[in-house]
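Okay, so the sequence shown: first residue is 10 according to this note's numbering, each after it adds one. Glycine residues also receive a C-beta, built at the ideal position from the N, C-alpha and C atoms. Treat the numbers as computed from the prediction; the structure is a model and nothing was measured. Everything below concerns the one structure shown next.
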Amino acid sequence: MTTRSDSQSRRRPETEKPRFSAIRLIYIREMKDQLRDRRTLFTIALLPIMLYPLVGTLLLQIAQFTREHKTSICLIGSEHIQSAPPLVRDGSFVEPYSELANNLELQVRGMESLEENDTFASATERWIQDGTYDAVIIFPPEISADSDRSDEPIASIKLLYNVASDESQIALNRVTAILAKWKENWVSETLAASGIDTEQLEPFELQDIDLAPERTREAAFWSKMLPFIMLVWAMTGAFYPAIDLVAGEKERGTLETLLCSPALRSEIVWGKLGAVASFSMLTAVLNAGSMLVTSAFVFQQIGIAGSTVGAPPVVPMLWLFVALVPLSCLFSALALAVAAMARSSKEGQYYLMPLMMVTLPLVMLPMLPGMNLTAGTSLIPVTGMFLLVRSLVEGQFTEALLHLPMVFGMTAACLWLAVTWAKRQFENEAVLFGGQDQWEFSMWVRHLWRDRQPVATIPQAYACGAIILVALFFGRLAASGAPNDLAGLTKMIISPQLGLILAPALLMSVMLTTSIRTSLRIRLPHKLSIPMAIGLGISLHPIYLTLGKWIEYTYPVSEEAQRAMLPFVEQVASIQWQYVVFLMAFIPAICEELAFRGFIFAGLVRQGGRLRAVLVTALLFGISHGFLQQSIAASCMGVLLGWIALRTGSVLPCILLHFTNNALSVSLSRIADLNLPAFQLILTNTEQGPVYQPLWFLACMGMTILFVFYFAVLRSPVDESNLVEYFPQQDKLPDTTNAEAG
Numbered sequence: 010m011t012t013r014s015d016s017q018s019r020r021r022p023e024t025e026k027p028r029f030s031a032i033r034l035i036y037i038r039e040m041k042d043q044l045r046d047r048r049t050l051f052t053i054a055l056l057p058i059m060l061y062p063l064v065g066t067l068l069l070q071i072a073q074f075t076r077e078h079k080t081s082i083c084l085i086g087s088e089h090i091q092s093a094p095p096l097v098r099d100g101s102f103v104e105p106y107s108e109l110a111n112n113l114e115l116q117v118r119g120m121e122s123l124e125e126n127d128t129f130a131s132a133t134e135r136w137i138q139d140g141t142y143d144a145v146i147i148f149p150p151e152i153s154a155d156s157d158r159s160d161e162p163i164a165s166i167k168l169l170y171n172v173a174s175d176e177s178q179i180a181l182n183r184v185t186a187i188l189a190k191w192k193e194n195w196v197s198e199t200l201a202a203s204g205i206d207t208e209q210l211e212p213f214e215l216q217d218i219d220l221a222p223e224r225t226r227e228a229a230f231w232s233k234m235l236p237f238i239m240l241v242w243a244m245t246g247a248f249y250p251a252i253d254l255v256a257g258e259k260e261r262g263t264l265e266t267l268l269c270s271p272a273l274r275s276e277i278v279w280g281k282l283g284a285v286a287s288f289s290m291l292t293a294v295l296n297a298g299s300m301l302v303t304s305a306f307v308f309q310q311i312g313i314a315g316s317t318v319g320a321p322p323v324v325p326m327l328w329l330f331v332a333l334v335p336l337s338c339l340f341s342a343l344a345l346a347v348a349a350m351a352r353s354s355k356e357g358q359y360y361l362m363p364l365m366m367v368t369l370p371l372v373m374l375p376m377l378p379g380m381n382l383t384a385g386t387s388l389i390p391v392t393g394m395f396l397l398v399r400s401l402v403e404g405q406f407t408e409a410l411l412h413l414p415m416v417f418g419m420t421a422a423c424l425w426l427a428v429t430w431a432k433r434q435f436e437n438e439a440v441l442f443g444g445q446d447q448w449e450f451s452m453w454v455r456h457l458w459r460d461r462q463p464v465a466t467i468p469q470a471y472a473c474g475a476i477i478l479v480a481l482f483f484g485r486l487a488a489s490g491a492p493n494d495l496a497g498l499t500k501m502i503i504s505p506q507l508g509l510i511l512a513p514a515l516l517m518s519v520m521l522t523t524s525i526r527t528s529l530r531i532r533l534p535h536k537l538s539i540p541m542a543i544g545l546g547i548s549l550h551p552i553y554l555t556l557g558k559w560i561e562y563t564y565p566v567s568e569e570a571q572r573a574m575l576p577f578v579e580q581v582a583s584i585q586w587q588y589v590v591f592l593m594a595f596i597p598a599i600c601e602e603l604a605f606r607g608f609i610f611a612g613l614v615r616q617g618g619r620l621r622a623v624l625v626t627a628l629l630f631g632i633s634h635g636f637l638q639q640s641i642a643a644s645c646m647g648v649l650l651g652w653i654a655l656r657t658g659s660v661l662p663c664i665l666l667h668f669t670n671n672a673l674s675v676s677l678s679r680i681a682d683l684n685l686p687a688f689q690l691i692l693t694n695t696e697q698g699p700v701y702q703p704l705w706f707l708a709c710m711g712m713t714i715l716f717v718f719y720f721a722v723l724r725s726p727v728d729e730s731n732l733v734e735y736f737p738q739q740d741k742l743p744d745t746t747n748a749e750a751g
């Protein structure tokens with residue numbers, strides 16, 4: 010009998026290139042298995058074909074019910090309408106108001122119709138609440154006053170309705186239109202009787218002319234709605250096959266057999282990814298096609314959105330397939346990676362729902378008013394592809410071609426990261442087969458202290474990042490206005506840094522790890538790393554400022570945000586330089602680096618997660634900043650800081666680089682104001698503030714390349730990715746202080 014270890018010994022090394030023939034066999038196997046499942050066929054084929062016609066039938070029924078529904082109106086005090094134009098006669102509205110009173114039942118009542126011991130106010134209120142009438146109109150006695158009313162108050166006509174009743178709101182809209190038309194005729198007759206030409210009230214007539222091409226007008230509605238529907242169904246079509254192909258096979262016991270086969274893990278991933286992506290695209294196409302056919306008839310019947318909505322143009326809508334292929338692959342890779350962590354199909358559904366909630370805002374963002382394809386929006390994952398397709402559908406080919414490289418570049422990068430993540434999940438035995446025992450809270454709490462390790466685990470690192478971001482969110486909401494003195498500024502900066510960023514990392518380091526020094530990555534790096542980090546911070550600062558200006562150009566800062574930041578900027582400029590450097594450079598460098606490149610990085614870099622540690626900590630570091638522009642710049646800087654943390658094996662160079670960059674940012678204007686000859690070769694004052702001289706900028710670029718090359722050839726004195734394997738029983742690392750670079 011062949012054991013699993015024997016099968017693994019005959020496996021080809023993962024360094025070999027994946028074979029297309031093996032990927033095709035796995036793809037065919039997964040497609041056949043899914044097509045044999047009646048639930049899959051129902052979800053992919055039958056449901057979209059049946060769903061939209063049923064929804065269309067329901068909409069037609071609702072529209073017909075709405076049009077035929079009659080509302081009841083009670084009019085009180087009609088006898089007071091004497092000097093005004095006639096409104097009612099013989100219990101109905103007169104011309105031209107009768108055209109607006111379709112499906113409206115009018116009943117004229119007087120005060121004598123009230124019941125005994127019943128007041129006027131209580132009677133009308135009871136009529137509305139018990140549904141006797143949908144609306145009540147009350148004309149006061151002063152409505153019959155003469156036209157010369159300059160010294161008398163304006164008459165007030167009361168309209169009673171119930172906002173909780175749909176029928177009452179329909180009646181409100183109809184009655185409001187009738188009274189507005191009556192008021193207009195009344196004013197016209199009054200002015201005419203006074204000898205005033207009513208045409209003078211309208212000196213011109215506005216004619217709006219739409220110059221958009223006919224194809225653009227036809228596609229305006231569908232270019233926003235249809236991609237949203239297709240992408241939502243593409244996500245839905247990817248989620249459930251991914252659960253069945255991974256978590257379902259775990260339950261059936263067939264996944265281990267497949268993993269023990271001669272096929273590479275990458276071949277298995279590509280085969281399963283192809284099957285999931287096929288179902289994702291098929292679901293999206295069938296749903297979009299069924300919706301197009303159904304809506305073409307339904308919208309014409311109920312007249313939704315006016316005459317601009319008709320049958321969608323078929324040829325422009327073919328551009329949707331440009332976005333469907335890469336986005337379906339992206340959703341499929343994400344779903345496959347998340348499903349690999351689930352032990353059962355039920356658990357996989359719990360994992361995939363948060364993934365959908367995170368992705369859905371990126372799909373809904375392009376539907377917001379004023380959201381167009383720009384250099385900034387083209388770099389947003391999923392959103393940029395959505396806007397690109399909308400531009401192609403609307404015939405804006407020049408704009409689409411201009412942003413095409415950025416959109417596909419960002420989509421390709423996201424797809425590569427998602428596929429890499431999925432491959433890592435399938436290569437990790439702990440993810441595929443670990444944690445089969447039931448989880449109990451009490452046992453988990455006991456093991457937190459007993460099973461402590463030198464550094465945080467991966468879940469603990471993610472938990473620390475989540476705690477920091479949530480704490481910062483509520484901390485910003487609870488923060489008051491801008492400070493008006495040094496004490497207020499100090500509290501505003503130090504409180505979130507120490508209490509919301511550093512404190513969670515320190516507490517988790519004390520409680521969950523055996524060594525604070527190791528878990529925070531406080532170890533001396535190579536002796537040249539310290540001055541090199543400071544030099545890199547100085548040479549990189551001009552490039553960092555240029556990046557910030559490009560970000561502000563791509564994502565302009567709103568006037569409201571500038572006004573909100575102005576008091577803070579003025580307060581910072583009014584205090585002494587050493588306090589500014591301490592508060593805005595030293596404190597953030599210590600707190601943020603110990604948290605992000607210290608505790609969180611040490612946990613995420615485990616189990617070969619070098620790329621994960623660099624990117625995730627950079628993303629968390631960027632989100633922790635308040636404004637979007639700051640977050641983007643901080644994320645870019647976070648990638649460099651994470652890479653240096655990986656090369657040096659220590660958080661200390663990151664602290665120094667972070668401090669140098671922040672210190673230069675808050676000191677640049679003060680240095681330029683000194684007007685020293687030495688600094689004039691480096692800085693110059695402009696209307697927008699101090700900027701670096703071109704020669705110094707070029708020199709900094711050269712020095713930056715040299716510093717980066719130094720860190721590129723540097724080797725960490727300890728392999729943090731395999732820390733637990735190397736030191737399973739020790740509470741702290743051996744002394745690596747004097748280790749030399751490789």
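Hey, would you say Thr-245 sits closer than 8 Å to Thr-303, going by beta carbons?
For Thr-245 and Thr-303, no; Cβs fall outside 8 Å.
For Pro-57, count the other beta carbons within 10 Å of its own beta carbon; 16 or more makes it buried, fewer makes it exposed. Which is it?
Answer is buried; the Cβ neighbour count reaches 16.
Compare the beta carbon distance of Leu-575 and Ala-642 with 8 Å and say whether it is the shorter of the two.
No, the Cβ-Cβ distance between Leu-575 and Ala-642 is not below 8 Å.
For a minimum of 3 consecutive residues, which ranges assigned as the beta strand (DSSP E) are wholly contained in the stretch 48-113?
Entirely contained in the stretch 48-113, the beta strand (DSSP E) runs reaching 3 residues are, in chain order, 80-85.
With a cut-off of 8 Å on the beta carbons, I'd call Leu-168 and Ala-144 a contact; round off their distance for me.
Sure, about 6 Å apart at Cβ, within 8 Å.
Boundaries of the alpha helix (DSSP H) in which Val-623 is found, first to last residue:
Segment 619-632, the alpha helix (DSSP H) holding Val-623.
Just the C-alpha distance for Leu-267 and Phe-340, rounded to the nearest angstrom, thanks.
Approximately 23 Å between the Cα atoms of the pair.
Between Ile-85 and Ile-166, how many whole angstroms is the CB-CB distance? I'm expecting something under 8 Å.
Contact between Ile-85 and Ile-166 is ruled out by a C-beta separation of about 11 Å, above the 8 Å threshold.
With burial defined as no fewer than 16 other Cβ atoms inside 10 Å of the residue's Cβ, what is the status of Arg-48: buried or exposed?
Taking all protein chains in view, the Cβ of Arg-48 is surrounded by fewer than 16 other Cβ atoms within 10 Å, so the residue is classified as exposed.
Below 8 Å between beta carbons: does that hold for Leu-629 and Phe-605?
Yes, these two residues count as a Cβ contact at 8 Å.
Please give me, in chain order, every unbroken run of the alpha helix (DSSP H) with length at least 4 that falls completely inside the stretch 487-524.
DSSP runs (the alpha helix (DSSP H)) wholly in the stretch 487-524: 495-503 and 512-521.
Buried versus exposed call for Val-722 [16 or more other C-beta atoms within 10 Å across all chains shown]
Around the beta carbon of Val-722, fewer than 16 other beta carbons lie within 10 angstroms, which makes this residue exposed.
Within the stretch 535-587, ranges of the alpha helix (DSSP H) (whole runs, at least 4 residues)
Segments of the alpha helix (DSSP H) lying fully in the stretch 535-587: 538-563 and 568-583.
Taking Cβ positions, are Tyr-106 and Trp-242 nearer each other than 8 Å?
In this structure, the beta-carbon distance from Tyr-106 to Trp-242 does not fall below 8 Å.
8 Å Cβ cutoff, Ser-676 in contact with chain B:
The question asks about chain B, but that chain is absent: this structure has only one protein chain.
Closest to Thr-466 by C-alpha separation, out of Leu-411, Ala-384, Pro-414 and Thr-527, would be which residue?
Put simply, of Leu-411, Ala-384, Pro-414 and Thr-527 the residue whose alpha carbon is nearest the alpha carbon of Thr-466 is Thr-527.
Work out the CA separation of Phe-577 and Leu-364 for me, nearest whole Å.
Going by the C-alpha atoms only, they are around 37 Å apart.
DSSP state of Tyr-719, grouped into three classes?
For Tyr-719, the three-state secondary structure derived from DSSP is helix.
When Val-402, Leu-371, Met-419 and Gly-546 are compared against Ala-384, the one with the closest alpha-carbon:
Ranking Val-402, Leu-371, Met-419 and Gly-546 by Cα distance to Ala-384 puts Met-419 first.
Identify which residue in Leu-336, Ile-82, Val-278 and Ile-187 has its Cα closest to the Cα of Met-239.
Per the Cα distances, Leu-336.
Since Asn-694 is in the beta strand (DSSP E), which residue starts that stretch and which ends it?
Looking at the DSSP string, the run of the beta strand (DSSP E) that includes Asn-694 is 692-695.
Considering only the beta carbon of each residue, do Arg-236 and Leu-329 sit closer than 8 Å?
A quick correction: the sequence has Pro, not Arg, at residue 236. Going by C-beta atoms, Pro-236 is nearer than 8 Å to Leu-329.
Gln-116 and Ser-81 - do their beta-carbons sit closer together than 8 Å?
Ser-81 is a Cβ neighbour of Gln-116, given a cutoff of 8 Å.
Could you give the distance in angstroms between the alpha-carbon of Pro-551 and the alpha-carbon of Thr-713?
The straight-line gap from Cα to Cα measures roughly 10 Å.
Taking 8 Å as the threshold, find out whether the stretch 632-652 comes into contact with the stretch 688-703 through three or more Cβ pairs.
Between the stretch 632-652 and the stretch 688-703 there are fewer than three inter-stretch CB-CB distances shorter than 8 Å, so the stretches are not counted as touching.
Ile-187, enclosing alpha helix (DSSP H) - first and last residue
Here the alpha helix (DSSP H) through Ile-187 covers 175-202.
Quick check on the burial criterion: 16 or more other C-beta atoms within 10 angstroms. Buried or exposed for Gly-647?
Its Cβ being crowded by 16 or more others within 10 Å, Gly-647 is buried.
Can you list, in chain order, the residues of its chain whose CB lies under 8 Å from that of Ala-570, leaving out five sequence neighbours each side?
So the qualifying residues of the chain are Phe-636.
For Tyr-471 and Leu-498, what's the separation of their Cα atoms in angstroms?
Each residue's Cα considered, the two are about 31 Å apart.
Compute the Euclidean distance between the alpha carbons of Ala-5 and Leu-603, then round it to the nearest angstrom.
Limits of the chain in this structure are 10 at one end and 751 at the other, which puts residue 5 out of reach.
Gly-607 vs Val-566 beta-carbon contact at 8 Å:
In this structure, Val-566 does not lie closer than 8 Å to Gly-607 by Cβ.
Examine the Cβ distances between the stretch 475-486 and the stretch 521-541 and report whether three or more of them are shorter than 8 Å.
Too few Cβ pairs lie closer than 8 Å, so no.
With which residues is Arg-274 paired in a DSSP beta bridge?
DSSP output for Arg-274 lists no bridge partner at all.
Three-way DSSP call (helix, strand, coil) for Gly-698 in this model
Reduced to three states, the DSSP call for Gly-698 is strand.
Could you tell me whether the Cβ atoms of Ile-525 and Gly-357 are closer together than 8 Å?
It is not a contact, given that the beta carbons lie outside the stated cut-off.
Could you tell me the alpha carbon to alpha carbon distance between Gly-404 and His-412, rounded to whole angstroms?
The straight-line gap from Cα to Cα measures roughly 14 Å.
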